[in-house]
Amino acid sequence: MFSSSDIDFIKKRGSSTDVVEAQIQNFKDDFPPLRLEKAATIGDGLSKMSDKDIEGRLKAYESATASKAIVKFVPASGAASRMFKDLFSFMEEYTGSEADYQKLTANQKSGSMFDFFKRLEDFAFYDDLKDAYAKSGTSLEEAHLKRKYVSILEYLLLDKGLCYGQLPKGLLKFHKKNNVARTPAEEHFVEGANYAKSSDGSVRLHFTVSPEHRAKFKEHVAAVQDGYEKQYGVKFEVSFSEQKASTDTIAVGMDNAPFRESDGGLLFRPAGHGALLSNLNDLNADVIFVKNIDNVVPDRLKEDTFIYKKVIASLLLEHQSKIFGFLGKLEAGSASAADLDAMYDFLEKELCTSNHTTARTASAAERSAYLRSKFNRPIRICGMVKNEGEPGGGPFWCKNPDGTVSLQIVESAQVDLKDAGQKKIFEESTHFNPVDLVCGTKDYKGKKFDLMKFTDPKTGFITEKSKDGKALKAQELPGLWNGSMSNWNTVFVEVPVSTFNPVKKVTDLLKEQHQ
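In numbering that gives the first Met the number 0, the protein residues as written are 0 to 514.
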């Protein structure tokens, strides 16, 4: 299948022919759908904390993290081009004719193109756009009055102006207060200072970035870091990593044979956010907060985020402490029959893992070995918000390859929605995954887990794309918080919807919570 030059190319990317051949086999076999048992709902796989619980965990947070190394991990590698999809389409289609203008003004709903232009001054980037547009020889206000809409967008999106269409979301101006605008990267500085501070006063931030954006990110961080350190009395340690070429997956034609470029070379494609598991695996910390770059709000709305991040981190450390105690007893061989029963109870009630392959009636040695295999894993606490119609993953009880049932975050693409029973379960989900995770990635002896050993490789995705006019199939690795964390111990907790305010389209910035 591969020539010697193909093999050299694969090795240079940090991969191997065995890995690539396994990827091609996935195209041939397709990924099996995940088997849903039921939706995780309040009281059944998803907990809702009382005010008293929240108050107690907030108080416990500072002492619980006093000796812990904390990192805030922010996936930020995606370009913002999808944010401006509607604007690019408008640029291509709008001719400036009276008919086009009438079509523009016909839809004045929130989020429409009319709304975008009407409220242009409400965007945090407006002043920058004004300055950029002045280079055209006329003012932005005059261009707006003369309906030069395409010209305005060119100065916003293209390199003749702000170049927003090619920048990552993290470097766009999202919010403005007292004439000072902030990027999402800056909002994560503020968040980090308020809930991810280590006892020595340091705040570690890690951004995953694209190679082409790394220099701009570093430049931006260098420009703002000192100001935030002085404002919050902390010391930021900012690091970056890129999605590794070794995690890219091979593309194939519709016949499942390797797709060839015009020069005969193989085509590899980025494998989705699941590829970032390798980046997460490189971090050395006791507590790792994971949150997407675009899910940020102005300061007036941050308090709920601060509270719940501390609360779920406190819960993580509480559970982890109990698990470490269990593992110490199991290793020492000092666990009594009553201890083993208590461990089974914890596994079922707190970690929501049931349908055990080793029954409680098995021998003490068998029970101990089984419990150790279930406890000695990375752990994550996942915040869930009430589902208000957003697309994406949700919390479910799922059947695992070993026969057990446990909690998983599941995307619709992983489910056989042609199966009426599975479709019904998927639609019964009451909550949505906002990517609000706190992770513990060390074992009870303080050694880092190899996170690559706790994935379910059979939970990837296959999509159809095209290159140079030729159809192809692409493959994504198991999603970072889906199959990549499939064999972690998982706890779902409800968090308020106020903590979930992502910016998927530029007009989302006009919503009240971003103003």
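Glycine included, each C-beta is placed from N, C-alpha and C at the ideal position.
Three or more beta-carbon pairs drawn from the segment 191 to 204 and the segment 59 to 70 are found closer than 8 angstroms, and the two stretches are therefore classed as touching.
Annotation: lysine 328 is outside any beta strand (DSSP E); the continuous alpha helix (DSSP H) that includes it extends over 302 to 331. Where valine 149 is concerned, there is no enclosing beta strand (DSSP E), although the alpha helix (DSSP H) around it starts and stops at 148 to 156.
DSSP links glutamine 474 through a beta bridge to Ile461. For glutamate 426, the uninterrupted alpha helix (DSSP H) run begins and ends at 419 to 426, by DSSP. The C-beta separation of glutamate 153 from lysine 145 comes to about 15 angstroms, leaving the pair out of contact by the 8 angstroms criterion. For arginine 213, the enclosing alpha helix (DSSP H) stretches over residues 213 to 231. With fewer than 16 other Cβ atoms inside 10 Å of its own Cβ, serine 362 counts as exposed. Nearest in C-alpha terms to alanine 473, of all of Ile6, Asn255, Phe83 and Phe173, is Asn255.
Its Cα nearest to that of valine 289, the residue Ile380 stands out among Ser240, Lys176, Asp415 and Ile380. Note on geometry: alpha-carbon atoms of valine 189 and tyrosine 227 lie some 7 angstroms from one another.
Taking the Cα positions, aspartate 467 is about 39 angstroms away from proline 394. With contacts defined as CB atoms closer than 8 angstroms, serine 372 and valine 404 fail to qualify as a contacting pair. Note on geometry: alpha-carbon atoms of valine 437 and serine 245 lie some 26 angstroms from one another. The beta carbon of serine 240 sits closer than 6 angstroms to those of Thr207 and Asn278, all from its chain and outside the five residues before and after it, given in chain order. Measuring C-alpha to C-alpha distances from valine 505 to each of Asp285, Asp293, Phe267 and Val492 identifies Asp293 as the nearest. In terms of Cβ geometry, threonine 64 and isoleucine 287 do not form a close pair [threshold 8 angstroms]. With a cutoff of 8 angstroms on beta-carbon distance, glutamate 493 and lysine 37 are scored as not near each other. Isoleucine 6 counts as exposed, since fewer than 16 other beta carbons sit within 10 angstroms of its beta carbon. Taking every protein chain shown into account, the CB of arginine 81 has fewer than 16 other CB atoms within 10 angstroms, so this residue is exposed. Nearest to aspartate 43 by C-alpha distance, out of Lys510, Ser313, Ile306 and Phe491, is Phe491. Within the DSSP secondary-structure output, serine 240 pairs in a beta bridge with Thr207. Going by DSSP, isoleucine 69 is part of the beta strand (DSSP E) stretching over 69 to 74.
Measuring C-alpha to C-alpha distances from lysine 447 to each of Ser465, Asp281 and Glu317 identifies Asp281 as the nearest. Taking C-alpha positions only, serine 138 is separated from glycine 77 by approximately 32 angstroms. In the three-state reduction of the DSSP assignment, serine 411 falls in the helix class. Residue nearest to alanine 364 within the set Ser333, Ile322 and Ile378 is Ser333 (criterion: CA-CA distance).
In the structure shown, aspartate 254 falls within a coil segment according to DSSP collapsed to helix, strand and coil.
Assignment of aspartate 43 by DSSP, reduced to helix, strand and coil, places it in the strand class. Linking glycine 169 to glutamate 185 through their CA atoms gives a straight-line distance of about 8 angstroms. Going by DSSP, valine 384 is part of the beta strand (DSSP E) stretching over 378 to 385. DSSP places leucine 161 outside both helix and strand once states are collapsed to three, so it counts as coil. For asparagine 488, the pairing in a beta bridge is given by DSSP as Ile378. Of the candidates Asp225, Asp121 and Ala222, Asp121 places its Cα closest to the Cα of asparagine 177.
The Cβ atoms of histidine 430 and lysine 503 lie no closer than 8 angstroms to each other.
Per the C-alpha coordinates, the member of His318, Asp442, Glu349 and Met90 positioned closest to glycine 164 is Met90.
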